[in-house]
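Since the structure comes first, as structure tokens, the remarks are kept for the end.
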Amino acid sequence: MVACLGTITLVCSALLGVFHQLTAAPIEAAAKAKTQNAISAVLPEFDTLSELQQCEAGSYYLASKDGEIVGIAVNAQSSGFGGTLRLMVGFYTDGRICNTSVLEHAETPGLGAKCTEPAFAGQFKDFDTSVKKLSVTKDGGDVDAITASTITSRAYCKALENAVNIYQTVAQTPCECESCSEEGTCNE
Amino acid sequence: MSKLNLITKGFVKDNPTFMLLLGMCPTLATTTSAINGMSMGLATTFVLILSNMAISAIAGLIPDKVRIPSYIVVIATFVTLLQFIMQAYVPAVYDTLGLFIPLIVVNCIVLGRAEAFANKNSVFDSALDAIGVGLGFTVSLTVLGVVREVLGNGSLFGWKFMQADGILVFVLAPGAFLALAYLLVLFRKYIAKQ
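First to last, the protein sequences are chains A and B.
Every letter in the first sequence is one number past the one before it in our numbering, and letter 37, counting from 1, is 37.
Here our numbering = 1-based position in the second sequence + 1000.
This is how it looks when you write it as structure tokens:
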């Protein structure tokens, strides 16, 4: 009896081990492709992308074209209605939001989950935080909330605010990365 | 029982959703849209076919006392394999269904078919039975998903046919119960007529 159950679990574990080895690389590739797609979606056209950079406020990628930095993609998050809301937010070098993309959310299907749709997310294309206020109209801002999903809409704005903070931290810190000091192209 | 009958009984007589009311958790939770319902159904079918075949093959070797733990180990293995595969090759589907994939392990349809059919029938018959029940489940979930998506969101398989919002409640949990109840009535009525 014990031997039988032992054998079954042994065979099953071996099978899982093999499959884990086989799929580990594609899983990683899929996760990477997802981040890459999100970055390309939120930034203006670029040809080279830096590795993930860290600063105290959060993590970000620098995108450059012909050696000149054209934008920053920032990882931002806040807590939504159903869990963490993770966004990729792209900025132009002048501080305007270029575009946003949802990396991960756990909002209610049919309600908060609409935050991924262009009807809502499209509002943040070329959003200038120096002109418009980044909060829902109910709170006196310039963002139209999703019907019946104010909490999600607020969370989205909150995540974007965090992204703006990260952007400002990055923009104010003198860049010390190797490529910048060598080529002198960093105009942050 | 003829081979064809093994498959067709999963659709009507032994339909897991509308006749046996099994696997209600994924049924209610994942059918917010047609595509989600269909994906969940197909994922369950995949596990069901493999586990039914494996269990039918090893059933003779397993002592009666450790029967259920053995079945669960086999089922859990296939579910984890499915999870790896989905994560690697269809990450978008995995993102929407993620939470419910591990729950296939405790889906009573899978264990139910192992216990009621696979452990006393041949591998081939068990595979046919799994295909029938699995596809019956898939069709049921897709129908429920279509109804909820059309009424709740005004779209079908993601294609929006009207601009306005739908009746939101149908996408939420109460709407799942309502839609399921009315579909049950219609289904039973159709069966009673035959």
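All residues carry an ideal CB built from backbone N, CA and C; glycine is no exception.
Buried or exposed (CB count within 10 angstroms, at least 16 for buried), residue i
{"i": "Tyr1071 of chain B", "result": "buried"}
{"i": "Leu1141 of chain B", "result": "buried"}
{"i": "Pro1026 of chain B", "result": "buried"}
{"i": "Phe1018 of chain B", "result": "buried"}
{"i": "Asn1005 of chain B", "result": "exposed"}
{"i": "Gln21 of chain A", "result": "exposed"}
{"i": "Met1 of chain A", "result": "exposed"}
{"i": "Asp66 of chain A", "result": "exposed"}
{"i": "Val18 of chain A", "result": "exposed"}
{"i": "Leu1195 of chain B", "result": "Given a span of 1001 to 1194 for chain B in the structure shown, any question on residue 1195 of chain B remains unanswerable."}
{"i": "Glu56 of chain A", "result": "exposed"}
{"i": "Gln1087 of chain B", "result": "buried"}
{"i": "Thr129 of chain A", "result": "buried"}
{"i": "Phe1177 of chain B", "result": "exposed"}
{"i": "Ser1002 of chain B", "result": "exposed"}
{"i": "Val1079 of chain B", "result": "buried"}
{"i": "Phe127 of chain A", "result": "buried"}
{"i": "Ile1068 of chain B", "result": "exposed"}
Own chain partners of residue i with C-beta closer than 7 Å, once the 5 adjacent residues on each side are dropped
{"i": "Ser1039 of chain B", "result": "Val1093 and Leu1097"}
{"i": "Gly1112 of chain B", "result": "Leu1022"}
{"i": "Leu62 of chain A", "result": "Ser50, Gln53, Ile69 and Ile72"}
{"i": "Cys1108 of chain B", "result": "Leu1022 and Gly1023"}
{"i": "Ile1007 of chain B", "result": "Leu1128, Ile1131 and Gly1132"}
{"i": "Leu1184 of chain B", "result": "Phe1018"}
{"i": "Ala1116 of chain B", "result": "none"}
{"i": "Lys138 of chain A", "result": "Ala145 and Thr150"}
Cβ distance (whole Å) where residue i is taken to contact residue j below 8 Å
{"i": "Val1123 of chain B", "j": "Ile1075 of chain B", "result": "No, Val1123 of chain B and Ile1075 of chain B are not in contact; Cβ-Cβ is about 16 Å, not under 8 Å."}
{"i": "Gln1083 of chain B", "j": "Ile1058 of chain B", "result": "Not a contact, Cβ separation roughly 22 Å."}
{"i": "Cys12 of chain A", "j": "Thr1077 of chain B", "result": "4 Å"}
{"i": "Asn1015 of chain B", "j": "Ser1126 of chain B", "result": "Asn1015 of chain B to Ser1126 of chain B, Cβ: 18 Å. No contact."}
{"i": "Tyr167 of chain A", "j": "Gly95 of chain A", "result": "7 Å"}
Residue i and residue j closer than 8 Å at C-beta
{"i": "Asn162 of chain A", "j": "Lys125 of chain A", "result": "no"}
{"i": "Ile151 of chain A", "j": "Gly83 of chain A", "result": "no"}
{"i": "Arg189 of chain A", "j": "Leu111 of chain A", "result": "With chain A running from 1 to 188 in the structure shown, residue 189 of chain A is simply not present."}
{"i": "Val1139 of chain B", "j": "Phe1046 of chain B", "result": "no"}
{"i": "Gly1152 of chain B", "j": "Gly1134 of chain B", "result": "no"}
{"i": "Ser59 of chain A", "j": "Thr48 of chain A", "result": "no"}
{"i": "Val1073 of chain B", "j": "Thr9 of chain A", "result": "yes"}
{"i": "Ile97 of chain A", "j": "Leu43 of chain A", "result": "no"}
{"i": "Ala1179 of chain B", "j": "Phe1170 of chain B", "result": "yes"}
{"i": "Gly1037 of chain B", "j": "Leu1144 of chain B", "result": "yes"}
{"i": "Thr1032 of chain B", "j": "Arg1148 of chain B", "result": "yes"}
{"i": "Ala38 of chain A", "j": "Ser78 of chain A", "result": "no"}
{"i": "Leu5 of chain A", "j": "Val1106 of chain B", "result": "no"}
{"i": "Gly122 of chain A", "j": "Lys133 of chain A", "result": "no"}
{"i": "Asn1119 of chain B", "j": "Ile1055 of chain B", "result": "yes"}
Residues bridged to residue i (per DSSP)
{"i": "Glu68 of chain A", "result": "A:Lys65"}
{"i": "Ala73 of chain A", "result": "A:Tyr61 and A:Gly90"}
{"i": "Leu210 of chain A", "result": "For residue 210 of chain A there is no data in the structure shown, the boundaries of chain A being 1 and 188."}
{"i": "Lys1160 of chain B", "result": "B:Ser1155"}
{"i": "Thr100 of chain A", "result": "A:Val89"}
{"i": "Val143 of chain A", "result": "A:Val136"}
{"i": "Thr48 of chain A", "result": "A:Ser64"}
{"i": "Gln53 of chain A", "result": "A:Tyr60"}
{"i": "Phe127 of chain A", "result": "A:Ile97"}
Sequence-distant residues of its chain with Cβ nearer than 8 Å to residue i (five each side left out)
{"i": "Ala1164 of chain B", "result": "Gly1154"}
{"i": "Val1150 of chain B", "result": "Leu1156 and Gly1166"}
Close Cβ partners of residue i (< 6 Å) along its chain, the five nearest in sequence each way excluded
{"i": "Ala113 of chain A", "result": "Glu107"}
{"i": "Val1146 of chain B", "result": "Ala1034"}
{"i": "Ser153 of chain A", "result": "Val136, Ala145 and Ile146"}
{"i": "Asp76 of chain A", "result": "In the sequence as presented, Asp is not what sits at residue 76 of chain A; that position holds Ala. These residues qualify, in order along the chain: Leu87, Val89, Ala159, Asn162 and Ala163."}
{"i": "Thr116 of chain A", "result": "Val102"}
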